[in-house]
RNA sequence: CGGGACGUAACUCAGCUUGGUAGAGUGCUUGGUUUGGGACCAAGAUGCCGCAGGUUCGAAUCCUGUCGUCCCGACCA
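In my numbering, the protein residues as written are 146 to 625.
Here it is in structure tokens:
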């Protein structure tokens with residue numbers, strides 16, 4: 146059956162008309178968030194939170210498989226503790242919220258609401274790491290953090306957000322470096338296998354790396370409009386924090402050593418990535434593995450004899466295998482079709498009197514709206530197959546977008562031309578000088594280095610900015 | 001943090017210029033008819049006009065401040 150591609154929901158602004166407006170429309174119409182009275186703080190509604198829970202469940206299992214343990218740290222950091230690592234505090238100070246009063250009394254030392262917890266983990270590690278036998282320490286926590294952002298948008302940048310932060314300590318530099326890359330791979334795999342999102346991965350430049358890190362690695366997916374989103378980072382710290390916090394252990398030859406450290410995190414921003422990677426003019430499109438509802442069952446003419454009973458029976462059959470919802474509300478079928486499309490439900494089943502007569506139902510895919518009659522006898526297998534196909538279809542479409550909007554610039558002129566006319570990623574050489582990064586950003590109205598990718602051949606011998614000999618291939622782009 | 005737009009019912013908005021009883025559509029509630037792409041009829045409920053000051057006999061409307069939202073910049077592991 147041919148899919149009908151005409152736009153059916155008028156409340157959502159078309160992507161091509163105004164991408165930013167489209168995004169906020171989808172976020173609200175799909176009932177993911179509501180605004181609160183505090184600037185930049187959002188209410189994550191049940192449907193949005195259920196996506197986060199599915200993300201958590203999947204990622205948490207991956208972390209545990211790799212040997213990590215969950216802990217919980219306090220949400221307050223005394224000012225003196227935050228200030229122990231110089232680069233770190235300089236990087237975060239401008240966006241930190243402070244608590245200065247407790248009850249009726251002014252605090253003797255103000256407390257920072259954690260923007261990230263490196264310092265707290267270090268304080269704790271100092272107490273529990275004494276011997277090489279205590280290493281490695283592979284800790285992770287799921288929590289909220291606060292960063293006082295000036296411009297906020299639901300999921301993409303909010304004053305408070307939910308995330309996980311892993312903090313690990315290792316005997317050797319090699320082991321810590323391996324951990325950093327292992328977790329980057331963990332994220333990349335998660336993006337591909339669970340969220341159906343392809344991404345460019347690589348190392349951040351000095352200018353863009355995390356405050357206090359020696360190296361920062363990043364997952365950079367491309368949104369539908371060609372803009373990048375920093376989708377997850379993994380940092381190698383060397384022994385810098387360990388020295389600043391005086392964390393030492395006795396090694397195998399009875400010598401005192403500083404351990405080597407990593408940290409890595411992904412946040413609710415990933416939900417923004419899902420929306421802007423897979424969504425369309427009819428609303429959200431969810432990757433099946435994190436969709437709170439995978440199958441929406443819509444009874445047709447449900448007042449007629451046996452329809453509702455059959456729909457219920459069907460749901461009962463599917464319940465253990467999929468996340469299923471039967472909508473037996475009084476709304477018209479057409480209303481329900483639009484509703485679940487807006488909410489991005491991957492598969493819709495329609496069952497009415499005609500279907501029951503023929504022992505079948507109608508199965509509709511959200512990603513391409515393809516409709517097919519499916520025999521009730523092998524419904525489970527067919528849904529499993531379609532959910533897999535939706536995942537694959539979403540990934541391929543996103544990959545085509547990423548590849549189609551990635552351009553190569555061999556010189557300065559070409560760089561400026563692409564930056565001006567073609568939204569997307571630019572692959573171009575760089576001399577390694579921060580001044581060139583700054584200059585390109587200023588000339589292009591915000592095109593920044595995304596990362597130095599792991600793969601990719603040099604596209605020229607000279608820097609696309611200054612023309613001096615090039616050191617690295619860099620992927621550039623605007624970001625959220 | 002700069003520039004712009006905007007806060008009126010749950011939502012989208014009209015009313016403000018020219019001060020004088022708070023409005024519409026959608027949604028919601030109840031009853032009925034419907035149901036294969038946002039159905040129809042009837043009845044009903046819903047407002048500190050964002051908040052705080054000021055001007056005035058009288059403020060949704062004029063003035064000041066403040067908080068929040070959106071867009072564009074700047075900033076932003």
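Beta carbons are placed, not taken as given, at the ideal position from N, Cα and C, and that holds for glycine. Given the structure is predicted, the values throughout are model-derived calculations rather than measurements.
First and last residue of the uninterrupted beta strand (DSSP E) at residue i
i: residue 475; result: No beta strand (DSSP E) contains residue 475, which DSSP labels as neither H nor E.
i: residue 221; result: 221-223
i: residue 443; result: 440-444
i: residue 517; result: 516-520
i: residue 245; result: 242-247
i: residue 388; result: Per DSSP, residue 388 belongs to no beta strand (DSSP E); it is in the alpha helix (DSSP H), 385-390.
i: residue 597; result: 593-598
i: residue 506; result: 505-510
i: residue 608; result: Per DSSP, residue 608 belongs to no beta strand (DSSP E) and is neither H nor E.
i: residue 258; result: 250-258
Buried or exposed by the 16-neighbour rule on C-beta atoms within 10 Å, applied to residue i
i: residue 344; result: buried
i: residue 476; result: exposed
i: residue 495; result: buried
i: residue 500; result: buried
i: residue 620; result: buried
i: residue 384; result: buried
i: residue 152; result: At residue 152 the pLDDT is 41, less than 50, meaning the model places this residue with poor confidence and gives no usable figure here.
i: residue 217; result: exposed
i: residue 448; result: exposed
i: residue 113; result: There is simply no residue 113 to check, as the chain begins at 146 and stops at 625 in what is shown.
i: residue 275; result: exposed
i: residue 249; result: exposed
i: residue 150; result: Any reading at residue 150 must be qualified, since the residue scores a pLDDT of 34, below 50, and its modelled position is unreliable; the value itself is stated next. It counts as exposed.
i: residue 518; result: exposed
i: residue 180; result: exposed
i: residue 282; result: buried
i: residue 147; result: Interpretation of residue 147 is limited by its pLDDT of 31, a score under 50 that renders its predicted location unreliable; the figure taken from the coordinates is listed afterwards. It counts as exposed.
i: residue 583; result: exposed
i: residue 197; result: buried
i: residue 528; result: buried
i: residue 171; result: buried
i: residue 606; result: exposed
i: residue 466; result: exposed
i: residue 273; result: exposed
i: residue 512; result: buried
i: residue 545; result: exposed
i: residue 244; result: exposed
i: residue 166; result: exposed
i: residue 446; result: exposed
i: residue 263; result: buried
For residue i, the residue or residues it bridges with in DSSP
i: residue 314; result: 282 and 406
i: residue 412; result: 308
i: residue 179; result: 188
i: residue 373; result: 367 and 624
i: residue 302; result: 298
i: residue 632; result: Given a span of 146 to 625 for the chain in the structure shown, any question on residue 632 remains unanswerable.
Unbroken alpha helix (DSSP H) run spanning residue i, endpoints
i: residue 498; result: 498-502
i: residue 191; result: 191-210
i: residue 170; result: 164-174
i: residue 267; result: 263-273
i: residue 348; result: Segment 344-348 is the beta strand (DSSP E) holding residue 348; no alpha helix (DSSP H) there.
i: residue 464; result: 452-464
i: residue 231; result: 231-237
i: residue 468; result: Note, residue 468: premise wrong, no alpha helix (DSSP H); not H, not E.
Kindly confirm or deny that the region 369-387 and the region 409-428 touch, where touching means at least three C-beta pairs closer than 8 Å. yes
Tell me the start and end of each unbroken alpha helix (DSSP H) in the region 538-589 that is at least 4 residues and wholly inside, in chain order. 557-566 and 579-589
Does the structure place the region 554-566 close enough to the region 595-602 that three or more beta carbon pairs sit under 8 Å? no
Taking contact to mean at least 3 C-beta pairs separated by less than 8 Å, is the region 157-176 in contact with the region 417-425? yes
Touching by the beta-carbon criterion (3+ pairs, under 8 Å), the region 220-239 and the region 456-464: no
Between the region 464-480 and the region 498-516, can you find at least three pairs of beta-carbon atoms closer than 8 Å? no
Tell me, please, whether the region 356-373 touches the region 234-251 by the rule of three or more beta-carbon pairs shorter than 8 Å. yes
Quick test of the definition: if touching needs 3 or more C-beta pairs under 8 Å, does the region 391-401 touch the region 181-201? Verdict: no, contact absent.
Would you check if the region 583-593 and the region 531-539 touch, i.e. whether three or more CB-CB distances between them fall below 8 Å? no
Flag this pair as touching only if the region 330-337 and the region 200-209 have three or more C-beta atom pairs under 8 Å; answer yes or no. yes
State whether the region 552-562 contacts the region 603-617, with contact taken as three or more CB pairs (one from each stretch) at a distance under 8 Å. yes
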